[in-house]
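To start, the structure itself, in structure tokens.
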Amino acid sequence: MTANLEITPEDLKVFLEEAEEQLQLLEGDVVKLEKAGEDAELLQEIFRAAHTLKGSSATLGHQPMARLTHSMENVLDKVRKKKLSPSTDVVNLLLECLDVLRGMKDDIADGRETKVDLEPLLARLMTDAGPATGPTAPAPTGAEAGGQGAVDVAREFVTQLSDEERARLAAGMAEGAQGAICRVTFDPECLMTSVRAYQVLLALGEAGQVLNSVPSSEDIEAEKVGHELTAYLLTMEDRAQLETTVKGIGDVTRVEVSVAQAAQGGPRTAEGRVGGAQAGGTAPQGEAREGAQTKKSATTVRVDVNLLDNLMNLVGELVIDRTHLAQILNRADQAQGTSEVTDDLGRTSAHIGRVTTQLQEEIMKARMLPIENLFKKFPRMIRDLALKAGKEIDFVVEGQETELDRSVIEEIGDPIMHLLRNSVDHGIESTADRKAGGKPKIGTIRLKAEHSESHIIITVSDDGKGIDVEKVKASAVRKGFLTEAQARRLSDKQAMDLIFLSGLSTAQTVTEVSGRGVGMDVVRKNIERLNGSIELHTVPGHGTETRIKLPLTLAIVRALLVSLDQSVFAIPLTSVSETLRLTPQMVKTIKRKEAIIVRDSVLPLVRLARVFGMPETGNETVGYVVVVNSNAQRLGLVVDGLVGEQEVVIKSLGGFIGNIQGLSGATILGEGDVALIIDVGSLVKPDANLGRMGLVS
Amino acid sequence: MPKVLLVDDADFMRMRSAKLLTENGYEVAEAENGQVAVSKYEALKPDIVLMDITMPVMDGIAAVKEIRQRDPGAKIVMCSALGQQTMVLEALKAGAKDFIVKPFQPDKILATVKKFAG
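Residue numbers (this note's numbering), protein chains in the order written: chain A, 1 to 697; chain B, 698 to 815.
So this is what it looks like as structure tokens:
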């Protein structure tokens with residue numbers, strides 16, 4: 001028997017993943033608990049998660065974690081039994097425990113020894129939430145019948161049985177059964193003596209009829225059990241058989257059976273009914289268990305993310321080959337005309353095409369996660385921030401079930417967190433200000449996710465004080481981003497865009513949370529790196545809404561293919577707003593820079609060939625203009641020709657090429673040619689090598 | 698080779714027990730909740746079931762009742778945590794044969810499984 005099992009890294013990984021899951025679940029639920037109060041179902045879920053965590057950490061042999069979860073469970077139990085209400089203090093304490101647990105979990109992950117001193121926290125769990133009522137420590141009942149080795153079996157029967165029980169004994173003995181006294185001693189280390197005692201009674205019940213026991217079955221169920229049990233029964237089995245039966249039960253260290261002789265049995269037969277309920281009967285429902293839910297359990301397998309990434313990559317290759325195959329077919333058709341072979345090839349190729357498309361869709365789906373995984377960490381954050389800022393905030397989350405690519409989920413956490421913090425800190429006013437402004441006392445912050453075609457829209461909104469455009473302008477002027485005259489010329493929308501400048505903050509006081517002026521620029525950069533866009537709407541006095549639009553996946557993007565000289569470039573369609581044929585009269589020169597006027601707005605013109613140092617066609621007024629949008633600015637990109645629209649699989653340029661201004665990656669086209677993907681965002685950046693045509697050109 | 702059905706909603710617990718039992722020559726099947734356990738029991742007819750108590754969808758006690766209703770001879774051992782006396786009692790009344798107290802103690806698990814499944 002190998003009873004000592006090594007914990008392998010794989011085991012540990014499962015443990016860590018599961019622990020993280022439980023911690024996240026707990027965190028969300030505990031925050032909900034504060035509002036929901038004594039919601040039995042919620043408490044049950046919390047309880048179960050804490051319980052799983054306790055079990056797993058004990059199995060891992062991590063005592064501190066097991067101890068802490070155990071203490072938490074005690075507190076939760078009191079809440080469940082309505083002996084304690086889930087006040088802010090209690091919730092704070094529980095959340096603190098979760099933080100410590102997460103710290104321990106991280107320590108395990110990093111192979112560090114946990115150095116947290118748990119005692120203060122454990123002590124608070126005992127005191128803040130009242131003295132713990134450990135589930136162990138059963139109160140022993142001293143009523144031990146007779147001394148050990150007492151042989152006067154008959155007399156003991158007389159003293160321990162009621163009249164009715166004696167009647168049953170007498171009746172049984174008349175039919176040839178015998179009275180027996182069974183004394184059982186349990187291991188003092190036994191963890192659940194009451195259950196063991198109950199097992200003994202059940203086993204004896206099968207071997208005969210238990211008339212009475214000390215402690216009684218009622219006491220046993222109430223967990224009033226010491227380490228000994230004496231049972232009085234009527235049985236057809238002999239001493240040895242009884243002893244074997246009882247010894248087979250766990251934690252039984254000693255069994256002593258005395259049998260009363262038939263002649264001596266039933267000393268005084270009183271009148272009474274024979275039969276009656278056997279020991280046990282139906283026990284009162286102890287703890288409220290959750291009902292069998294009808295939720296169907298899905299059969300799932302855990303898969304390494306890398307595996308999914310690899311699959312996605314392979315499918316990307318397949319997509320390229322599929323296009324290539326179609327082209328080969330075309331060539332064959334042209335060279336030899338349609339034959340049986342090319343016909344077959346055509347059909348097969350079409351089939352491969354369909355299958356590949358399906359495969360691509362399925363793998364995309366496999367990479368999708370509900371955004372809930374990300375959203376569930378925010379309620380806790382908002383709660384803590386609001387508490388710290390002394391504000392009352394209602395946090396509403398919608399569309400948690402919306403699914404998107406896990407790589408996108410990983411990337412948008414920080415930007416969303418930042419927006420939410422801004423809302424708590426700058427958006428929602430203090431309770432006094434809200435009252436003065438005639439608004440509801442409790443502010444509302446909404447976080448919403450929804451699908452819209454092949455995009456996901458995430459909205460963060462608040463009913464706070466909104467953003468004062470004039471303040472934004474003033475701050476930008478003060479910090480030297482633009483002159484006062486320039487500021488005056490800005491439209492409100494353009495002024496709002498100033499918020500996305502690095503180093504601009506309108507917060508009067510810098511708080512721990514936000515207001516250091518780093519933030520919105522980083523938020524926008526992050527979003528645009530994901531081929532997404534961000535928009536901000538504000539109504540002074542009524543609140544602010546920020547909309548983030550993101551593609552569902554990062555791996556594949558629809559792109560406009562354009563030609564420059566002999567090469568093909570791809571421009572993500574998310575940033576393309578329109579295309580125009582370039583005519584000589586369109587091009588104007590403003591401040592020595594080329595520009596075009598499209599429907600009354602001036603767009604700087606960027607000749608891509610010049611940006612990438614490629615030969616130009618010579619005729620500067622022939623070609624097309626692709627109007628792109630980024631950083632809320634529009635720009636005209638001059639290209640030689642438009643090739644078409646296509647889904648492209650994004651590949652990184654690789655380390656040896658490095659980060660090239662204006663390019664975000666590459667893709668392989670059907671013919672096997674490489675097309676570079678244009679990074680529109682970096683072309684409009686004011687510090688790009690295109691000169692300062694940024695913000696207020 | 699005796700067959701053991703492990704029922705626990707915690708992957709980690711299942712994994713540890715499965716490893717222990719497989720290494721000691723048992724055939725192991727797993728279920729992540731009571732409902733799955735009931736259907737797997739019918740399909741596999743294991744010699745013994747190790748059953749967790751608190752689980753989503755269908756808890757261990759309900760599962761014991763379901764399984765015993767279909768097979769009165771089913772050998773089910775509850776895996777309980779401290780503090781679940783009441784539930785273990787209920788499970789025993791419903792026909793569970795024995796119980797093991799978590800945390801995971803390899804020798805106890807093996808001894809119990811051996812007792813019922815050989």
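Quick reminder that beta carbons are idealized off the backbone N, C-alpha and C, glycines included.
{"query": "For A:Thr-8, three-class secondary structure by DSSP", "result": "coil"}
{"query": "C-beta neighbour in chain A for B:Lys-700, strict 9 Å", "result": "no"}
{"query": "Reference B:Met-775; option with closest CA among B:Thr-719, B:Asn-721, B:Lys-805 and B:Phe-709", "result": "B:Lys-805"}
{"query": "Stretch pair the region 227-246 of chain A + the region 173-183 of chain A: three plus CB contacts closer than 8 Å", "result": "yes"}
{"query": "Own chain partners of A:Arg-406 with C-beta closer than 6 Å, once the 5 adjacent residues on each side are dropped", "result": "Arg-367 and Leu-369"}
{"query": "Own chain residues within Cβ distance below 8 Å of A:Gly-443, not counting five before or after", "result": "Lys-391, Glu-392, Ile-393, Asp-394, Gly-427, Ile-428, Glu-429, Arg-434, Asp-462, Asp-463 and Gly-464"}
{"query": "Residue nearest to A:Gly-541 in terms of C-alpha spacing, selected from A:Ile-458, A:Lys-439, A:Thr-88 and A:Gln-24", "result": "A:Lys-439"}
{"query": "Distance CB(A:Val-638)-CB(A:Leu-683) smaller than 9 Å", "result": "no"}
{"query": "Local conformation of A:Asn-526 per DSSP, three classes", "result": "helix"}
{"query": "Euclidean distance between Cα positions of B:Met-752 and A:Arg-67", "result": "21 Å"}
{"query": "Contact with chain B by A:Phe-47, beta-carbon distance below 9 Å", "result": "yes"}
{"query": "Bounding residues of the beta strand (DSSP E) (the contiguous stretch that carries A:Asn-629)", "result": "624-630"}
{"query": "First through last residue of the alpha helix (DSSP H) which encompasses A:Asp-565", "result": "Counting along the chain, A:Asp-565 falls outside any alpha helix (DSSP H), and DSSP gives it neither H nor E."}
{"query": "Three-pair Cβ contact test at 8 Å for the region 725-737 of chain B versus the region 775-790 of chain B", "result": "no"}
{"query": "A:Gln-199 at chain B interface by Cβ criterion, 9 Å", "result": "yes"}
{"query": "Chain-ordered chain A contacts of B:Leu-703 [CB-CB under 9 Å]", "result": "Residues of chain A passing the Cβ test: none, with the nearest at roughly 13 Å."}
{"query": "First through last residue of the beta strand (DSSP E) which encompasses B:Asp-795", "result": "795-798"}
{"query": "Buried versus exposed, by CB contacts within 10 Å (16 or more), A:Leu-307", "result": "exposed"}
{"query": "First and last residue of the uninterrupted beta strand (DSSP E) at B:Leu-786", "result": "Per DSSP, B:Leu-786 belongs to no beta strand (DSSP E); it is in the alpha helix (DSSP H), 782-790."}
{"query": "Any non-hydrogen atom of the ligand ADP closer than 8 Å to A:Glu-470 Cβ", "result": "Summarising the ligand content, the structure contains no ligands, and the ligand ADP is consequently not present."}
{"query": "Expected contact under 8 Å - CB spacing of A:Ser-563 and A:Asn-629 to nearest Å", "result": "No, A:Ser-563 and A:Asn-629 are not in contact; Cβ-Cβ is about 22 Å, not under 8 Å."}
{"query": "Interface partners of A:Leu-71 on chain B, CB under 7 Å", "result": "Looking at the sequence provided, one finds Ser at residue 71 of chain A rather than Leu. In chain order: nothing, as chain B lies at least about 12 Å away."}
{"query": "B:Gln-782: contacting residues in chain A (beta-carbon distance under 7 Å)", "result": "Met-192, Ser-194, Val-195 and Glu-223"}
{"query": "Contact with chain A by B:Arg-767, beta-carbon distance below 9 Å", "result": "no"}
{"query": "Chain A contacts made by the region 712-730 of chain B, where a contact means CB separation under 8 Å", "result": "Met-712, Arg-713, Lys-716, Leu-717, Glu-720, Asn-721, Glu-729 and Asn-730"}
{"query": "Straight-line Cα distance separating A:Gly-519 from A:Val-472", "result": "15 Å"}
{"query": "Own chain, CB closer than 7 Å to A:Val-643, minus 5 neighbours either side, in chain order", "result": "Leu-561, Val-562, Ser-563 and Val-568"}
{"query": "Burial state of A:Arg-166 (16 or more Cβ within 10 Å)", "result": "buried"}
{"query": "Three-state class that DSSP yields for A:Leu-560 in the structure shown", "result": "strand"}
{"query": "Members of the region 16-30 of chain A near chain B, C-beta cut-off 7 Å", "result": "Glu-18"}
{"query": "At least 3 beta-carbon pairs within less than 8 Å: the region 74-91 of chain A vs the region 734-745 of chain B", "result": "no"}
{"query": "Nearest candidate by alpha-carbon position, reference A:Thr-69, set A:Lys-78, A:Leu-420, A:Ala-49 and A:Arg-80", "result": "A:Ala-49"}
{"query": "DSSP three-state assignment for A:Thr-402, whether helix, strand or coil", "result": "coil"}
{"query": "Residues near A:Gly-28 in its chain [Cβ-Cβ closer than 8 Å; skip 5 each side]", "result": "Lys-376, Lys-377, Pro-379 and Arg-380"}
{"query": "Residue burial classification, B:Val-733 (beta-carbon count within 10 angstroms, cutoff 16)", "result": "buried"}
{"query": "A:Leu-605 versus A:Glu-528: straight-line alpha-carbon distance, rounded", "result": "21 Å"}
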